[in-house]
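Here's the structure, in structure tokens; my notes come after.
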Amino acid sequence: MKNTFLALAILLIASTISSCVILSPKKYKALLAKQDSLSSTLTEAQLNGESLEQRITRLRKDTADLNGQLADLRAQHNEMEANYAKLRNNSSAEINKLSGNLNKLSDDLKKREQRLKEVEEILRKRDEATNQLKAKLQEALLGFTKNGLTVEIKNGKVYVSLTDKLLFPSGSIIIDEKGKQALTQLATVLKQQPEINIAVEGHTDSQKINNLGQIKDNWDLSVLRSTSVVRFLTEEQKVESVRMTATGKGQYQPLNPNTTAENRSKNRRIEIVLSPKLDELYDLIKQ
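If you read the sequence shown in our numbering, its first letter stands for residue 88, the second for the next number, and so on.
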């Protein structure tokens, strides 16, 4: 609007100058100067108007760019907050899970420690009972120790070892009177110990058996001798049959090398293995 007004003023002045027929040189120069001033003012106003429009356009563009950057920053901020919230939730859930696992492991450890104490107590009682049983057997069988009877503890079990000459005539499976006396004394102790399992093992030396009729070899001899002892203990001495086991080991578990007559005599033996019943211990282990 202002620029238009200036243009009209300049045209009006120019028209006035043209309509004047007679002007003094001084006035003419003044009018020309006035015209040049107005023209310059118009040009400057036009230039300033273009500069201002460009500035406004640039400012609008800058504002739009800043708004875009601000929107991007807000989106990044929102995404970061969402990730942080997710991470915090996941961490909390993981911590709770780990805490639960730790509590479970702690409970399991306490249970295992309790079972261990119970097992140790059972083993302590077993060892105590085994030592007491050994002492009773040694006292009951004291009169037979000179005839090759020994009582010892191995691997938590009591081993009563009787040489064959204490129980059987040479090459026989029939228990003699001296052997019956030893087994009777043994049975008296065993019947007082109902929690003891009894395994009777027959052992021989390595020499080949000849002319023993129905007995074919050392396997046969070891088995038949062990069953003879079991029958005497159960049938005549009334030891419970369910506690008894009869096995033959033949010549394959010697105490000494079968190189001398003395060693072979020691290898020919009946071993009565006495072990406490450990059902309670086995139940704990299964758990």
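Just so you know, even glycine gets a beta-carbon here, dropped at the ideal spot from N, CA and C.
Cut-off 6 Å between Cβ atoms - residues of its own chain near residue i, not counting five sequence neighbours on either side
{"i": "ALA222", "result": "none"}
{"i": "THR314", "result": "ALA333"}
{"i": "LEU371", "result": "At LEU371, the pLDDT of 48 sits below 50, so the modelled position is not reliable; the number obtained from the coordinates is stated separately. So the list reads ARG202, GLU205, VAL206, once near-sequence residues are dropped."}
Beta-carbon proximity list for residue i, same chain, < 7 Å, skipping 5 on both sides
{"i": "ASP304", "result": "ILE296"}
{"i": "ARG356", "result": "SER248, LEU249, THR250, ASP251, HIS290"}
{"i": "GLN70", "result": "Examination of residue 70 is not possible in this model, given that the chain is present from 88 through 374 alone."}
{"i": "VAL276", "result": "LYS223, LEU224, ALA227"}
{"i": "VAL108", "result": "Below a pLDDT of 50, predicted positions are generally treated as unreliable, and VAL108, at 47, falls in that range; the measurement from the model is reported next regardless. For VAL108, where only same-chain residues beyond five positions count, there are no Cβ hits under 7 Å."}
{"i": "THR237", "result": "SER248"}
{"i": "GLN340", "result": "HIS290"}
{"i": "PHE231", "result": "LEU253, ALA269"}
Nearest neighbour of residue i, chosen from the options [CA to CA]
{"i": "VAL316", "options": "SER193, VAL245, GLU358", "result": "GLU358"}
{"i": "GLN338", "options": "PRO363, VAL360, SER309", "result": "SER309"}
{"i": "LEU253", "options": "TRP306, SER124, ASN354, LYS116", "result": "ASN354"}
{"i": "TRP306", "options": "GLN280, GLY300, SER328, GLY335", "result": "GLY335"}
{"i": "GLU288", "options": "ARG312, GLY187, LYS198", "result": "ARG312"}
{"i": "ASN234", "options": "ASN218, ILE240, PHE255", "result": "PHE255"}
{"i": "LYS278", "options": "ARG145, GLU327, LEU153, ASN188", "result": "GLU327"}
{"i": "ASN218", "options": "LYS197, ALA120, ASP152, TYR246", "result": "TYR246"}
Sub-8 Å separation of residue i and residue j beta-carbons
{"i": "ARG330", "j": "ILE261", "result": "no"}
{"i": "LEU361", "j": "LYS244", "result": "yes"}
{"i": "ASP292", "j": "ASN242", "result": "no"}
{"i": "GLU351", "j": "GLN294", "result": "Here residue 351 is Arg; the residue named in the question, Glu, does not match the sequence. For ARG351 and GLN294, yes; Cβs fall inside 8 Å."}
{"i": "GLY258", "j": "LEU299", "result": "yes"}
Cβ neighbours of residue i in the same chain (closer than 8 Å, five flanking residues each side left out)
{"i": "LYS364", "result": "GLU282, ILE283, ASN284"}
heavy atom of the ligand FMN below 7 Å from residue i C-beta
{"i": "GLN340", "result": "Although the ligand FMN was asked about, the structure shown includes no ligands whatsoever."}
Proximity test, Cβ basis, 8 Å: residue i and chain C
{"i": "GLU322", "result": "No chain C appears in this structure, which consists of one protein chain only."}
Does the region 315-330 come close enough to the region 256-271 that 3 or more CB-CB pairs lie under 8 Å? Counting C-beta pairs with one atom in each stretch, the region 256-271 and the region 315-330 have three or more that are closer than 8 Å, which means they touch.
Three or more C-beta pairs closer than 8 Å, one from the region 209-217 and one from the region 256-266: is that the case here? Judged by pairs of C-beta atoms under 8 Å, the region 209-217 does not touch the region 256-266, as fewer than three such pairs exist.
Starting from the N-terminal side, write out each stretch of the alpha helix (DSSP H) that is 4 residues or longer and does not extend beyond the region 257-327. 264-278, 305-318
Would you list, in sequence order, the uninterrupted beta strand (DSSP E) runs of no fewer than 3 residues that lie entirely inside the region 151-227? none
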